[in-house]
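To start, the structure under review is shown below, and the notes come after it.
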């Protein structure tokens, strides 16, 4: 079909630069250069140094707990509380990680597999259903659209605990209690994702779709070939937010799962507290560090999209 | 192949709406999400409201559902435990939300100007926001340990004879949770504030500078009013977050010691999933929902009529 090449025409010419980056990237340098005269004033050099030092000191409050976590994960239990704190562990105790990942009946490997299953299926599902619905809410016109959207909006501040009670009982009736489905299914259909995507599509000019339709493209094609590529950064951001959300969820698994073999990572971590409240610190820290790694990798790789999406979701 | 999924409409004029799109396509596009929304949000919400009018525990099965009218709500009104939890939630949010927002704003203001290692700082402040509440819980559980935790050792070092026992103290458990929650949320608030700051027009500042306005005056006259919509948004989001906060409380204190850190959301969990008093817990959920709704509406009204963009 000749439409394909024609579709891509307007996309590359008009679209991306205007809408692709929700965070206004340009005002920053402008801002800076306008302020440049300020920094040339006498004394502002000192201000820069003082501000930097104070901010970095404050930042240590945010960084050091995690450095301590990493360091403790490589220590023997006794050394975790040794005074003075030894930030570089010696001897380096890799055993904690070996124990957490392979020791005992149920290991971190099992929790990881469960969490990955739930999170990955959730992300793919959430992206699919949110993209389609968000597109329809933003760029298609049909009777009842605004009423349905209002219904979505109205549920946004319902307390999660209120929804969990009926969900718990539904899943029990359906025989899905204590299966990963009880976590996967609700994650596939999120109101938040629909909001986010709708907002992104609203920023894409409607003329783009009209042009493609005149060229004879069907609705699905207009959606998937013309509009979807325009909001790639938002989709990336939604993927991250959705993944982090379900990876870190604690209340859902706590309520829906009873079998340790199905535990997700956060729930699995709590196993390092034993029945009488005792704690093997080194193991707990090794488990905690392990739990952070996938998210940290994703965050560092996609930081820009992540922040961009947060900004758009917050400001309009 | 993909184009065949939704055939192009034949009766163009009749079936195309003002946007030029087909009418049935709209419904087909929202259908998958709508079905999930109905099954996992709307129907649970309506059933939750229904359950709040019943005296029902899950053990007795569906046949054990008994309609009790407003009994649960009447019970709540007289329940001292409930009102204490409401008070604690108010304190948790009332102190935690402004603390988090102020911290976030200060970080954002600093990061908006020239500062050493800006992008690294941005990531550092944000890390706690992406780490699970359980991992954060573990770190602070160990750092706040009354005798061997790093925090108290440091406090003793600088002369505090009897530092607080934090999470295991009736007086300090809620305060500890407020501090940890605010610490974890500041980076998120900073990111949102930062993007709002970077979107501000610079000409106002130039004009103000020409008029001789100092930094503080520029902040109160331009920055703060311009940030009003963002502040309102963050206040509402943060309030909802605090009123539903669960992970840290459940993991670190289980509402204790005693009931010193039992907030509304934790009391709801206890009643529902530990005592199986689903009707009572649902009634609590509705009360909490109404409270949050009322406060959000209040914030919203408050913001209108203020700020530069209003």
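Chains as they are written, first to last, in our numbering: chain A, 1 to 316; chain B, 317 to 626. Glycine included, each C-beta is placed from N, C-alpha and C at the ideal position.
Do you know how far the Cα of residue j is from the Cα of residue i?
{"i": "residue 60/A", "j": "residue 434/B", "result": "14 Å"}
{"i": "residue 349/B", "j": "residue 363/B", "result": "20 Å"}
{"i": "residue 557/B", "j": "residue 207/A", "result": "39 Å"}
{"i": "residue 221/A", "j": "residue 180/A", "result": "34 Å"}
{"i": "residue 568/B", "j": "residue 578/B", "result": "11 Å"}
{"i": "residue 73/A", "j": "residue 291/A", "result": "12 Å"}
{"i": "residue 128/A", "j": "residue 475/B", "result": "58 Å"}
{"i": "residue 68/A", "j": "residue 87/A", "result": "7 Å"}
{"i": "residue 591/B", "j": "residue 365/B", "result": "19 Å"}
{"i": "residue 405/B", "j": "residue 580/B", "result": "6 Å"}
{"i": "residue 317/B", "j": "residue 192/A", "result": "Because residue 317/B sits at a pLDDT of 40, beneath the cut-off of 50, its placement in the model cannot be relied upon, and the following sentence gives the value as read from the coordinates. If you take the alpha carbons of residue 317/B and residue 192/A, they lie about 30 Å apart."}
{"i": "residue 228/A", "j": "residue 215/A", "result": "18 Å"}
{"i": "residue 144/A", "j": "residue 490/B", "result": "46 Å"}
{"i": "residue 120/A", "j": "residue 243/A", "result": "7 Å"}
{"i": "residue 479/B", "j": "residue 459/B", "result": "13 Å"}
{"i": "residue 297/A", "j": "residue 389/B", "result": "47 Å"}
{"i": "residue 582/B", "j": "residue 453/B", "result": "16 Å"}
{"i": "residue 462/B", "j": "residue 398/B", "result": "30 Å"}
{"i": "residue 258/A", "j": "residue 225/A", "result": "44 Å"}
{"i": "residue 616/B", "j": "residue 150/A", "result": "17 Å"}
{"i": "residue 609/B", "j": "residue 162/A", "result": "14 Å"}
{"i": "residue 287/A", "j": "residue 537/B", "result": "49 Å"}
{"i": "residue 495/B", "j": "residue 142/A", "result": "48 Å"}
{"i": "residue 155/A", "j": "residue 619/B", "result": "22 Å"}
{"i": "residue 473/B", "j": "residue 457/B", "result": "20 Å"}
{"i": "residue 455/B", "j": "residue 378/B", "result": "42 Å"}
{"i": "residue 280/A", "j": "residue 107/A", "result": "15 Å"}
{"i": "residue 70/A", "j": "residue 542/B", "result": "41 Å"}
{"i": "residue 48/A", "j": "residue 432/B", "result": "8 Å"}
{"i": "residue 492/B", "j": "residue 66/A", "result": "18 Å"}
{"i": "residue 506/B", "j": "residue 217/A", "result": "43 Å"}
Here's the rule: buried if 16 or more other CB atoms are within 10 angstroms of the residue's CB, otherwise exposed. What is residue i?
{"i": "residue 371/B", "result": "buried"}
{"i": "residue 233/A", "result": "buried"}
{"i": "residue 438/B", "result": "buried"}
{"i": "residue 372/A", "result": "Nothing about residue 372/A can be read from this structure; chain A reaches only from 1 to 316."}
{"i": "residue 321/A", "result": "The structure shown does not extend to residue 321/A, since chain A is modelled only from 1 to 316, so the question has no answer here."}
{"i": "residue 482/B", "result": "buried"}
{"i": "residue 522/B", "result": "exposed"}
{"i": "residue 627/B", "result": "No statement about residue 627/B is possible, as the shown extent of chain B runs from 317 to 626 and does not include it."}
{"i": "residue 299/A", "result": "buried"}
{"i": "residue 394/B", "result": "exposed"}
{"i": "residue 100/A", "result": "buried"}
{"i": "residue 147/A", "result": "exposed"}
{"i": "residue 383/B", "result": "exposed"}
{"i": "residue 527/B", "result": "exposed"}
{"i": "residue 614/B", "result": "exposed"}
{"i": "residue 78/A", "result": "exposed"}
{"i": "residue 39/A", "result": "A caution first: residue 39/A carries a pLDDT of 44, below 50, which makes its placement in the model unreliable, though a value can still be read off. So residue 39/A ends up on the exposed side."}
{"i": "residue 418/B", "result": "exposed"}
{"i": "residue 91/A", "result": "exposed"}
{"i": "residue 196/A", "result": "buried"}
{"i": "residue 414/B", "result": "exposed"}
Who are residue i's beta bridge partners in DSSP?
{"i": "residue 383/B", "result": "370/B"}
(request) Please go through the segment 561-603 of chain B and give each complete alpha helix (DSSP H) segment of 4 or more residues, from N-terminal end onward. (result) You should have 563-568, 580-585.
(message) In chain order, what are the residue ranges of uninterrupted alpha helix (DSSP H) at least 4 long that sit wholly in the segment 147-184 of chain A?
(response) The segment 147-184 of chain A contains, as complete alpha helix (DSSP H) runs of 4+ residues, the segments 160-173 (chain order).
(request) Give the residues from the segment 102-120 of chain A that approach chain B closer than 9 Å (Cβ to any Cβ), ordered along the chain. (result) Shown here is that no member of the segment 102-120 of chain A has a Cβ falling below 9 Å from a Cβ of chain B.
(request) Can you give me, in chain order, the residues of the segment 562-592 of chain B that have a beta carbon less than 8 Å from any beta carbon in chain A? (result) Per Cβ criterion, the list reads 562, 563, 566, 567, 581, 584, 585, 588, 589.
(request) Let me know the alpha helix (DSSP H) ranges lying completely inside the segment 449-503 of chain B, each 4 residues or longer, listed in chain order. (result) If we require 4 residues or more, the alpha helix (DSSP H) runs fully inside the segment 449-503 of chain B come out as 449-459, 466-473.
(request) Using a Cβ-Cβ cut-off of less than 8 Å, list which residues of the segment 364-392 of chain B approach chain A; keep chain order. (result) Going along the segment 364-392 of chain B in chain order, one finds 364, 367, 374, 378 with a Cβ nearer than 8 Å to chain A.
(message) Quick check on the DSSP output: what are the complete alpha helix (DSSP H) runs of length 4 or more inside the segment 191-259 of chain A, in order along the chain?
(response) Segments of the alpha helix (DSSP H) lying fully in the segment 191-259 of chain A: 191-202, 207-214, 232-248, 251-256.
(message) So if I threshold CB-CB distances at 9 Å, which residues from the segment 548-561 of chain B count as touching chain A?
(response) Listed in sequence order: 549, 550, 552, 553, 556, 559, 560.
(message) Under 9 Å, CB to CB, which of the residues in the segment 253-264 of chain A have a partner in chain B?
(response) Under the 9 Å Cβ criterion, the segment 253-264 of chain A contributes 254, 255.
(request) Give the residues from the segment 159-176 of chain A that approach chain B closer than 9 Å (Cβ to any Cβ), ordered along the chain. (result) Of all residues in the segment 159-176 of chain A, those with a C-beta nearer than 9 Å to a C-beta of chain B are 159, 160, 161, 162, 163, 164, 165, 166, 167, 168, 169, 170, 172, 173, reading in chain order.
(request) Scan the segment 467-500 of chain B for residues whose Cβ lies nearer than 8 Å to a Cβ of chain A and list them as they occur along the chain. (result) Against chain A - using a Cβ distance shorter than 8 Å - the residues of the segment 467-500 of chain B are 469, 499.
(request) Could you pull out every unbroken alpha helix (DSSP H) segment of at least 4 residues lying fully inside the segment 386-456 of chain B, listed in chain order? (result) Listed in chain order, they are 387-394, 396-428, 434-446.
(message) In chain order, what are the residue ranges of uninterrupted alpha helix (DSSP H) at least 4 long that sit wholly in the segment 48-129 of chain A?
(response) For the segment 48-129 of chain A, whole alpha helix (DSSP H) runs of length 4 or above, ordered along the chain, are 77-80, 95-102.
(request) Please name the residues in the segment 181-198 of chain A whose beta-carbon is closer than 7 Å to at least one beta-carbon of chain B, in chain order. (result) If the cut-off is 7 Å between Cβ atoms, the segment 181-198 of chain A has 185, 186, 188, 189, 191, 194 near chain B.
(request) Report the residue ranges of all alpha helix (DSSP H) runs contained in full by the segment 513-551 of chain B; include only those spanning at least 4 residues, in chain order. (result) As far as the segment 513-551 of chain B is concerned, its whole alpha helix (DSSP H) runs of at least 4 residues are 519-526, 531-534.
(message) Under 9 Å, CB to CB, which of the residues in the segment 520-546 of chain B have a partner in chain A?
(response) Flagged, chain order: 521, 522, 525, 545, 546.
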